[in-house]
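Counting in the numbering used here, the sequence shown runs from 187 upward without gaps. Here is the structure we will look at.
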Amino acid sequence: MSLGFRLLGNVEVVRGEEPQPIGPAGPRGILVSLLLEAGQPVSLDDLVVRVWGDEAPGSARGMVHSYFTRLRTALAGEHQIVRRGHGYVLDVEPDHIDVHRFRRLVCLARRTEDAEEKVGLYDEALDLWRGEPFAGLDSPWLREFRTALRAEREEVLLARTDLQLELGRHAQVLPTLTSRAEHHPYDERLAGQLMIALHRTGRQADALRHFQKVKTLLAEELGVDPGPALRSVYHSILRDEATVDDRPSRPGSADDDPGLPPPVPRQLPAPPRAFTGRDRELEALADAPVSVIVGPGGVGKTCLALRWAHDHAGRYPDGQLFVDLRGFAPSGDRVPPETAVRAFLSALGVKPAAVPQDLAAMSGLYRSLVADKRLLVVIDNALDADQVTPLLPGSPQCPVVVTSRNRLTTLVSSHHADLISLDVLDGAAARQLLVSRLGPSRTAAEPAAVTRLADACGGLPLALSIVVGRAQEHPEFALTALADELVDSGSTLNALEIGTDLSIRAVLRTSLAALAGEPAELFTLLGLVPGPDISLDAAASLAGKTYAATRTALRVLERASLVQQHDPGRFRLHDLVRAYARELGQLSRDNEQITSALHRLTCFYLHTLIHAVTLADAGRPPITPVPLPAGCTPVPLRDSTEAKRWVNTEAENIGAVRSVAKEREWHRIVWQLAWGSSSLYATQGDAHHAIGVWRDGLAAAQILEERSSECLAHRVIAQALTRTGRHEEAVQHVEVALRIAEELKDVSQRVLSLNAWSEISVRAQRTAEAVELSTDAWRLAAELPPAIRAWVGNHLAWALQLERQYERALEISEKTLALADEAHMNNIRPALLDTLGTIHLGLGNLGGAIAFLEEALALFGDEMFSIPDTLLTLGAAYEQLGRHDLAVKSLRQAVELYHQQHREHDGQQARRALDELLRKIP
């Protein structure tokens, strides 16, 4: 029986009806945060904020990783907490989580026509509630989410009551309505429901008294009168004719001939011929009275709106209105709102002579005519909210779907519209679109070409449609030939240029035409960005502008859907948009301007990276970066936590600018980026990547003829090589490093080279040699800074425990820990605790070993390389303690992490330990 997750009450993990232990408030808060996202990544920083708010302790990030360990144990391997993108995901189906099941049932109820079936679905949804959501947990984020869920539940209760009254169940709902009205005295909709129930059960006087009670309360407490809906219920009761859906009388039609029925408009254009994907967006459209679909040109906004409108047209018997506002027409010939409203009035049967001249009067007549109708309105290609607002019906029975390249935030804030951001199609949907348009036989004959075509179009529906057109124009041509042309990055835009306003360039040109000045200038620079995305800080340095000016320009570009803010403060461009931006940048700038922009961007990453390393690794000797160019402003990181977060977030971009520096032969920058990146790759466990980075760094140091830099490069390459199992090659590099250190008479470099050689010997299982090398290093380090002595002492203690010299290892380890604590070297503390745990395991002190190892895991944070080693030792400790369940869990996690880090030799050792343990368990 699978696990279920209950959040609507006390937080529980259940198997059947049997609760499973999940620990105290901390792990439960993390669990809630992951479950509410239902498969969407949550960053480590967001998890900290959601659990602790502004009162997060300094060790919060480490505590989150500790909670992950507890939760993985509680989930017994059935569901995994995995890293995805820049965040963490709990792999679980949404329907196993009561919050998401509640919302799904409510959506189903709203789509269902049958009243009895609606009530049943609402009842099933409400039965999931067992009390206050997330009872016993508290943080600002949780309080806000709890309030939102309460509001959703209240809306369901109100909708369910409307249905019950429609079905004649007045007496059945009366007790509950009376109690709820006492708890929500200001809710006029609830008051109206109670009045109707009282009236229909023969208590007309009580219904009228309740109206007077509410009227007095609103006047005394809020200084307002009851709204028109409640007053309508009151007057209907006075006339003894109250119904559930009482409204003021419908305004009369402007038609001159009342004998003719008003026309039923059917204005929707034909539905898209082929439509794939977009399931989540189609579901979202069903839940809002006003929806705004936003996205770049060619992403399929109109197709989505029309697909949904045709699928649901039957629910709106009074018709469907459609208008294309031509907000981004190349000619600039946009449809004024007066023209659009006049067209709607004509479709509704209003003769031209009866249409008012004033826009406000026209809109008022339009809203009066549709007030009691069930009508669907689709407003396509809007430029701004001013074009749209006069066309909004104002009735919840008349949903409106708007499409725009701009993010019409005024509609969101003023009219409570739902914003639906449309992205490109994923790979499967893009391929399916090609199959549906080109036919299964042609695509089945060349499946690889279909994939290449979909990839070259980047999932952009307009690009896919252009490809379909070209393929249909020459049905005798192989799809492979078209794919060959498209995958050439130099001709992709040319291949999608068909000489009409539907080409990629033409669509982007119309979006950019509405912009001027700094936004347009920044757009062309963004095409030069070598990494997958860019932060606001980095964009400011790229442009050589102030932070405020760049933020304003990016907001303009985002509103125009030319850039996407996929994370707060982080922006990216679709591949084809980026190609167009790069093309414009190269046409509008000379080589010197392009070089200056890339140099500013590269120096931004370099200077921020070096500052981050000095914060995160305080004992590491600093270097002086190349001079800062004008217009380049690095991020002013404040502490080690912020520094590590920045480095992890920008890892891909740092690698991208390193390639730029290498290509442009900025040798000193290449070496300095390698120096700064060494901590990044060490903590992530990416030794293979580190080798390549430092080989470039070594080549740059040799060109610069800087022997000290060469020494460091050889040493780091040696450490990376040994971590991939290439021990003899590693020895060759460390020998060169030691020889250069002796040549330079540099004691620090000599000690660190001996220390690196000791690590090689440990990994090559030459432990006696490792002890000898570390002892020499420990002796030479006596007068060196505490940071170097601490690392050397830890290596010596580790080598000694491998030789089973546990007492001496313990002595050295405890001295080293004291040395690190005195120097406030928090970055080395997890490694020292790991060593102490391993020593105590060798001494047979299982309780001490487990305590040290678990504390080390909690403190490692993002230092992924060391975590599987510690898990392997922890598994051995749990096995000796007889806790086979925890031992298996630790070993499985170690195997998984070794695999992720491509550490095959270490992974095989962990796998053997796991297999042996599993054979022992009955």
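By construction, the Cβ of each residue, glycine as well, lies at the ideal position given by its N, Cα and C atoms. If you're wondering where the values come from, they're calculated on a predicted model, not measured in any experiment.
The count of Cβ pairs closer than 8 Å, one atom from the segment 994-1007 and one from the segment 964-976, reaches three, so the stretches are in contact. Only residues of its own chain outside the window of five on either side were considered, and among them D519, R520, V521, N567 have a CB closer than 7 Å to the CB of R512, listed in chain order. Cβ contact annotation for R831 (same chain, cutoff 7 Å, sequence separation greater than five): D231, in chain order. Judged by their CB atoms, L648 and G463 are not nearer to each other than the 7 Å cut-off. Around the beta carbon of Y733, fewer than 16 other beta carbons sit within 10 angstroms, so the residue counts as exposed.
In this model, Q453 and A616 are separated by some 29 Å (Cα to Cα).
Looking at the backbone, the Cα of E989 and that of S999 are separated by about 15 Å. In the DSSP assignment, Q935 falls within the unbroken alpha helix (DSSP H) covering 933-949. The Cβ neighbour count for V715, taken over all protein chains shown within 10 Å, is at least 16; the residue is labelled buried. A distance below 7 Å separates the beta carbons of Y274 and I267. Each residue's CA atom was taken as its position, placing F709 and K487 some 22 Å apart.
It is roughly 20 Å from the alpha-carbon of R269 to the alpha-carbon of L1058.
Straight-line measurement puts the Cα of L884 at about 15 Å from the Cα of L924. A Cβ-Cβ distance of about 11 Å is found for the pair L814 and T794, leaving them out of contact under the 8 Å criterion.
T1002: member of the alpha helix (DSSP H) spanning 992-1008, first to last residue.
Going by C-alpha positions, A405 is about 6 Å away from D411. Judged by DSSP in its simplified three-state form, P647 adopts helix.
When only Cα atoms are considered, A802 and W861 end up about 14 Å apart.
The beta carbon of N196 sits closer than 6 Å to the beta carbons of A321 from its chain, once the five residues preceding and following it are set aside; these are given in chain order. R593 carries a coil assignment under DSSP once its states are collapsed to helix, strand and coil. Taking every protein chain shown into account, the CB of R786 has 16 or more other CB atoms within 10 angstroms, so this residue is buried. Contact between P523 and P576 holds, since their C-beta atoms are separated by about 4 Å, short of 8 Å.
Residue pairing of S721 in beta bridges, as defined by DSSP: R756. By the Cβ test, the segment 555-575 is in contact with the segment 591-609, since at least three Cβ pairs between them sit closer than 8 Å.
V621 is the residue among V821, S721, A540, V621 whose C-alpha sits nearest the C-alpha of A640.
Taking C-alpha positions only, K1106 is separated from V1081 by approximately 19 Å. Separation of V948 and R1089 (C-alpha to C-alpha, rounded to the nearest whole angstrom) is 15 Å.
With contacts defined by Cβ atoms closer than 7 Å, Y992 and G1028 form a contacting pair. Under the DSSP definition of a beta bridge, G481 lacks any partner.
Going by C-alpha positions, D670 is about 51 Å away from A246.
Contact annotation: the segment 952-959 does not touch the segment 914-924, with fewer than three C-beta pairs closer than 8 Å.
In this structure, L722 sits near R737, with a CB-CB distance shorter than 7 Å. Y372 counts as exposed, since fewer than 16 other C-beta atoms from the protein chains shown sit within 10 angstroms of its C-beta.
Looking only at Y253, R236, R258, the smallest Cα-Cα distance to S1076 is reached by R258. Collapsing the DSSP output to three states places L276 in a strand. For S826 and M249, the gap between their C-alpha atoms comes out near 16 Å.
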